[in-house]
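First the structure, in the form of C-alpha cells, and then the observations on it.
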Amino acid sequence: MSNEVSPAGAAELPPQTPVIVGVGQVSERIGEPGYRALSAADLAAAAVRAAAADTGGDAEAVLAALDTVVAIRAFDDSSAFARAALGAPDNVARAVAGRVGARPGRATLGPTGGQGPQQLLTELCGTIADGKSDAAVLFGAEAISTVRSLAGRPAAERPDFGEHTEGSLEDRGYGIEGMTPAQAVLHQMVEPLVSYSVLENARRARLGASRSEYARAMGALFSRFSAVAARNPHAAAPVERTAAELIEESDRNRRVTDVYTRLLIAREQVNQSAAVVITSLAAARRLGIPAERTVFLAGHADLTERELLARPDLSRSPAAVAAVRCALDMAGVTVEDLAAMDLYSCFPIAVFNICDGLGLDPEDPRGLTVTGGLPYFGGPGNNYSTHGIAEIVARVRDRPGSHGMVVANGGILSKHSVGIYTTTPAAWRPARTATVQAELNDAPEVPVAVHADGWGTLESYVVKFDRDGSPVGIVLGRLDDGRRFLANTLEGDSALIDALTGDDQAIGGRVFVRSTDAGNRVAVDRERMDERLGHAVPTLRDNYSHVRVTRSEHILEVTIDRPQAGNALNAEAQRELDEIFGAFQHDDDLWVAVLSGAGDEAFCVGHDLDELASPMQLLGLPRSGFGGLVARELTKPVIAAVDGRADGGGLELVLACQLVVADDAASFALPDTGFGQSPGPGVLVRLPRTVGRALAHDMIVTGRRIDAAEAVAAGLVARVAPTGKAVDVAREMAADIVARSPVAIRAALAFMARADRDTDPDGLLGRPADLLDKLIPHRDPVEGLAARREGREPRWRRG
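And the structure:
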C-alpha cells in the first residue's frame, strides 16, 4: 500500500485541498455482549479513535495533529427546554478531545438540526482550504437508550455523566429560530411527527392517492430501508420487516397519527457515535496517510426552506431538491452517476420529496440509504448524517472513482445540506448557492392569520393519538381572503375527526374556524361551532378571585387585588380582567373605567413570575393581550390610576390606557431583560411613540426607572396626584368624562387609534368625513348644540 497521497490528478491540487481521511462508528445495544453503558462522551471518544485508526496512518500522530474539534449538539441540549437526565459535559468538544489526547486550538459546538453534520463538514473543508486549519475532527454521539434505562434507578445507583472541562468553546447556539413558531406551539404542532404528518397528508392529496394506497407506498419504501439496517452492525433495530408489518397496527406498532404507525418514524432510542477526520493534502502526506484512504468533497450545497406556515406548497420542499441539484452540478455528475446515496429518512416524505423532485424511483436498485435509515438504523439526535457520511466514504473507497451522496435535513424539511463524495481528486470550491437561495426567498409566501374567523378551505391536517387513543385534530386551511390559518378541532367533536380519519379525501373541503383565547378552533360548519362554543356576550359578575369591581352610574372601577404579590397577574387574574373589560366594552351603560392596584406599593409589577416557569406560558395570554387590555381595541376611555410601581407588564397596562394619573410616589420601569425576557409588544410598540425613542430605548435596554415627574414631562402621565390619591384624582377625571358625550369621545378615540396605525396619519387631516361618519348617525351631536343654544345641560344617550 502506497504512503504517497498522489492519485492521478492529486499532485496538481493545492496542498491545502481538504480531504476526508478517516471515519469511525461505535455503537452498543442494551442486553447484548460487550454492552458497557457508555456515556455519550465516551462513545464519541471511541468513534474519534476509530476514525483516526481508519486513516491507515499512525493513529496517535493523527490525534496529536488535530487543531480543530467540532461536536454535533446532543439531543438533550437541542433546545432551552431539553435536559440531560444524567448530566453532560459543559464543553463536550474539549471533553472528548481530552479523552483521546488531542490538544486543539479551536473547539466548536454545532447548532441543532439534522443538517449539522454535512453542513459543518463542508465548513471545515472550507476552513482547511483557507489555511486556517490543517487537521480537524467532526464527531457526535448519543446514549439516549442507556440514559433512559438508567435514569429510573435510585439516585445512588445512577451514574453522573456531567463534567467540567476548561478551555474555549465556540457555541453556535440552537439555531432553531422559526422551527417552532408560537402558532404551532399553541395548536399542538410541535412534535416533528405531527408536522411531518401534515406534509405527508398534503402530498397524498396532491397525488390523489387513497389513504391505504399511500400507506402501502410508505411501507414499501421503508421495508427496503429496514433490509439495509438488518445487515448493519451499528443499527439500533437490525430487523428486516415487510411493508405490511410496518403499516399494520399492533400492540408494538401503535398508530401515533392518522398517517404514521410507530415503525414508520425515526427511532431515537440509540447508543451510537460517529466521527470524521478531515485534513489538508499536505497534512495527509506529512502524517503518512495512504492515498487510498483520501476522499474528496467534490460538490456541496446548503439551502434553507421558509417557515412551514408560510410555504406556498405544503407537500414539497423545493430547497431540498435545489440543494441536491446544486451539489451535483458542482461535482459535475448527475443522479444517474451516483454509486450510492443516503437520503435523510426521519419520515417517509423526507425521502419522497427528493424522489419527486429528481424523478428518482423509490425502488431504485442502488438503494436510497446506506445505513438503514433513521427508523431502523436509528436517529441519533442531530448526528445521524455523520453515520451516513461514514458509510458513503467507505463505499466510494471500495469503488475508486465512484461518487456517493449524502442528503441531510434539519427541522421540518427546513434546512438542507448535501455532499458529493469521491476518491477522484477534486479541487475545493466554495458554495455557489447564493443566487438559488435568493430565488427561493423571493417566491411568494402565504400570509398567516393569527386570529382566524369565518369560512375556509381545508389545506392539510393531522390527527394525533395519545397513548390511550384519544384523538386531537390539527388543521391548516385557507380563509376565503387567502390567509392560512392553523386550528384545532373542537374537544369532543367527532364529526370533523371522523372526516379527517376517513377514507374520503378531506383536503379541499369547507370548514368553519373561530378564534378563541386558547387558539383557533375549527368545525365542519357554523352551526356545530355555535353549538360547541357559542357567542355569549360577557357580563360582569358579582365576585372575582383576584379583582374587585364596583360601578357607579356610568363609571366602572377595576382594582387588581393581589397586593401581597405586587398586584402581579397570574393566569387566572388575566382571565378575570379579560372578562371584565369584555363586559365593559359591551355594556352601553358604562362609559369610562378606572384601573388601579390594591395597596400603596404597586399598581402592577407585570407577570407573576412565581407562576411563570417557561416563556411558552405567555402563549396563554388572553387574545386581548396582557391583562385583557393591551391588545384590545378600546372604544371607551380607560384611566390608569398608578400608586407605587408600574413595572414590566404593569407599564404595558399603563400604555394601553388612554389616560394616566400617577401619585407622587409612582415610578415606572422595565426590568424584563434582567431576567432574560423582552418587554411585551404593548411596550415595544407604544412606549417609543409616547415618550420618544431615546427614553424608550434607555428604559427597555437598561431597566432605568423614572419617577412621576419625569413621566409627566415625557408625556406618559396626564396628571400627578398626592401620594396615595391617584384613584381619587382618576375618579374626578372619570366624572369629567361622563359629563360629556360618549359618542363624541368614542369617535375621537377611534380616529386617534386609526392615526396611530395608519402609515400616513397626516393623510387623515384631509378626510374629516371619516370622523363625521362616526358622529352623524347619533343624536348626541345635535343634542349638544341644542343644549348650548338653550343654556341647559345636555342629555346624552348611551351610544
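In terms of the working numbering, the sequence shown opens at residue 18 and continues consecutively.
Every residue gets a Cβ at the ideal spot worked out from N, C-alpha and C, and that includes glycine.
1) Among the residues of its own chain, which have a CB less than 7 Å from the CB of residue 500, if the five just before and after it don't count?
2) Is the segment 264-277 close to the segment 374-391, with three or more CB pairs under 8 Å?
3) Could you check whether the segment 409-424 touches the segment 311-320, counting it as contact only if at least three pairs of C-beta atoms, one from each stretch, sit closer than 8 Å?
4) Which residues does DSSP pair with residue 318 in a beta bridge?
5) Report the rounded CA-to-CA distance for residue 662 versus residue 740, giving the unit in angstroms.
6) Under the assumption that residue 659 contacts residue 677 (Cβ atoms under 8 Å), give the Cβ distance between them as a whole number of angstroms.
7) Quick check: residue 249 and residue 394, are their CB atoms within less than 8 Å of each other?
8) Just to confirm the assignment, what range does the alpha helix (DSSP H) spanning residue 708 have?
9) Would DSSP call residue 674 helix, strand or coil?
10) If you drop the 5 nearest sequence neighbours on each side, which residues of the same chain put their C-beta closer than 6 Å to that of residue 367?
11) Grab me the residues of residue 356's own chain with a C-beta within less than 8 Å of its C-beta, minus the 5 sequence neighbours each way, in chain order.
12) Report the partner residues of residue 577 according to the DSSP bridge assignment.
13) Roughly how far, in whole angstroms, is the beta-carbon of residue 216 from the beta-carbon of residue 332, given that I think they are within contact range, below 8 Å?
14) Do you know whose CA, among 515, 701, 652, 49, lies nearest residue 764's CA?
15) Between residue 588 and residue 152, what straight-line distance do the alpha-carbon atoms span, to the nearest angstrom?
16) Leaving out five residues before and five after residue 667 in sequence, what residues of the same chain have Cβ atoms less than 6 Å from its Cβ?
17) Quick one: using the 10 Å Cβ neighbour count with 16 as the cut-off for buried, is residue 581 buried or exposed?
18) Using three-state DSSP, classify residue 212 as helix, strand or coil.
19) Compute the Euclidean distance between the alpha carbons of residue 502 and residue 348, then round it to the nearest angstrom.
20) So what does residue 243 bridge to, in DSSP terms?
21) If contact is defined by three or more beta carbon pairs under 8 Å, each pair taking one atom from either stretch, is the segment 173-185 in contact with the segment 102-115?
22) Can the beta-carbon of residue 80 be found closer than 8 Å to that of residue 117?
23) Taking just the CA atoms, how far does residue 755 sit from residue 430?
24) By the DSSP assignment, the beta strand (DSSP E) with residue 506 in it spans what residues?
25) With a Cβ-Cβ cutoff of 8 Å, do residue 88 and residue 39 count as a contact?
26) Report buried or exposed for residue 574, applying the criterion of at least 16 other Cβ atoms within 10 angstroms of its Cβ.
27) Using the C-alpha atoms, what's the distance from residue 438 back to residue 407?
28) Between the alpha carbons of residue 132 and residue 199, how many angstroms are there, rounded?
29) Could you give the distance in angstroms between the alpha-carbon of residue 148 and the alpha-carbon of residue 316?
30) Counting only beta-carbon atoms, is residue 623 nearer than 8 Å to chain C?
31) Could you give the DSSP three-state label for residue 549: helix, strand or coil?
32) Rounded to the nearest angstrom, what separates residue 272 and residue 506 at their Cα positions?
33) Tell me whether residue 52 is buried or exposed, calling it buried when 16 or more other Cβ atoms sit within 10 Å of its Cβ.
34) Considering only C-alpha positions, which residue in the set 404, 471, 514, 472 is nearest to residue 490?
35) In angstroms, rounded to a whole number, what distance separates the CA positions of residue 185 and residue 123?
36) Rounded to whole angstroms, what is the Cα-Cα separation between residue 559 and residue 608?
Reading it off the structure:
1) What you label residue 500 is simply residue 483 of the sequence shown in a count that begins at 1. These residues qualify, in order along the chain: 464, 465, 466.
2) no
3) yes
4) Stepping through the sequence shown from its first residue, residue 318 is reached at position 301. Answer is 435, bridged to residue 318.
5) The residue you call residue 662 lines up with position 645 of the sequence shown. The residue you call residue 740 lines up with position 723 of the sequence shown. Whole-angstrom Cα-Cα distance: 12 Å.
6) The residue you call residue 659 lines up with position 642 of the sequence shown. The residue you call residue 677 lines up with position 660 of the sequence shown. 6 Å between Cβ atoms; contact.
7) Residue numbering aside, residue 249 sits at position 232 when the sequence shown is read from its first letter. Residue numbering aside, residue 394 sits at position 377 when the sequence shown is read from its first letter. In this structure, residue 394 lies closer than 8 Å to residue 249 by Cβ.
8) As a first step, residue 708 is located in the sequence shown; it is residue number 691 there, counting from the start. Here the alpha helix (DSSP H) through residue 708 covers 698-708.
9) The residue given as residue 674 occupies position 657 in the sequence shown. If DSSP states are grouped into helix, strand and coil, residue 674 belongs with coil.
10) Translated into the one-based positions of the sequence shown, residue 367 becomes position 350. If we look at residue 367 and ignore the five residues flanking it on each side, its Cβ neighbours are 361, 426.
11) If you number the sequence shown from 1, residue 356 lands on position 339. Only 383, 412, 413, 416, 419, 420, 421 meet the Cβ criterion.
12) Counting from 1 along the sequence shown, the entry for residue 577 is found at position 560. According to DSSP, residue 577 bridges with 564, 614.
13) Reading the sequence shown from its first residue, position 199 is the one you call residue 216. Reading the sequence shown from its first residue, position 315 is the one you call residue 332. With a Cβ gap of about 6 Å, residue 216 and residue 332 count as contacting.
14) Here residue 764 refers to the residue found at position 747 of the sequence shown. That would be 652, whose Cα lies nearest to the Cα of residue 764.
15) Counted from its first residue, the sequence shown places residue 588 at position 571. Counted from its first residue, the sequence shown places residue 152 at position 135. Each residue's Cα considered, the two are about 55 Å apart.
16) The residue given as residue 667 occupies position 650 in the sequence shown. Within the same chain, residue 667 has close Cβ partners 620, 621, 622, 623.
17) Start at 1 with the first residue of the sequence shown, and residue 581 comes out as number 564. Exposed.
18) Taking the first residue of the sequence shown as 1, we reach residue 212 at position 195. Helix at residue 212.
19) Position 485 of the sequence shown holds residue 502. Position 331 of the sequence shown holds residue 348. Approximately 41 Å between the Cα atoms of the pair.
20) Against the sequence shown, residue 243 aligns to sequence position 226. The partner list for residue 243 (beta bridge, DSSP) is empty, contrary to what the question assumes.
21) yes
22) Residue numbering aside, residue 80 sits at position 63 when the sequence shown is read from its first letter. Residue numbering aside, residue 117 sits at position 100 when the sequence shown is read from its first letter. It is a contact, given that the beta carbons lie within the stated cut-off.
23) Residue 430 sits at position 413 when you count from the first residue of the sequence shown. Residue 755 sits at position 738 when you count from the first residue of the sequence shown. Roughly 58 Å between the two C-alpha positions.
24) Locating residue 506 in the sequence shown gives position 489, counting from the first residue. Element bounds for residue 506: 501-506.
25) What you label residue 88 is simply residue 71 of the sequence shown in a count that begins at 1. What you label residue 39 is simply residue 22 of the sequence shown in a count that begins at 1. Contact flag unset, no.
26) Translated into the one-based positions of the sequence shown, residue 574 becomes position 557. Buried, by the Cβ-count rule.
27) Reading the sequence shown from its first residue, position 390 is the one you call residue 407. Reading the sequence shown from its first residue, position 421 is the one you call residue 438. Cα to Cα, the separation comes out at about 11 Å.
28) Position 115 of the sequence shown holds residue 132. Position 182 of the sequence shown holds residue 199. Answer to the nearest angstrom: the Cα atoms are 23 Å apart.
29) If you number the sequence shown from 1, residue 148 lands on position 131. If you number the sequence shown from 1, residue 316 lands on position 299. Cα-Cα distance, rounded: 20 Å.
30) Annotation note: the requested chain C is absent from the structure, which comprises a single protein chain.
31) Start at 1 with the first residue of the sequence shown, and residue 549 comes out as number 532. Three-state DSSP puts residue 549 in a helix.
32) Position 255 of the sequence shown holds residue 272. Position 489 of the sequence shown holds residue 506. Cα to Cα, residue 272 sits roughly 19 Å from residue 506.
33) If you number the sequence shown from 1, residue 52 lands on position 35. It counts as exposed.
34) The count along the sequence shown starts at 1 and reaches residue 490 at position 473. Measuring from the Cα of residue 490, the nearest candidate turns out to be 514.
35) Here residue 185 refers to the residue found at position 168 when the sequence shown is read from its first residue. Here residue 123 refers to the residue found at position 106 when the sequence shown is read from its first residue. Using only the alpha carbons, I get a separation of about 7 Å.
36) Position 542 of the sequence shown holds residue 559. Position 591 of the sequence shown holds residue 608. Answer to the nearest angstrom: the Cα atoms are 19 Å apart.
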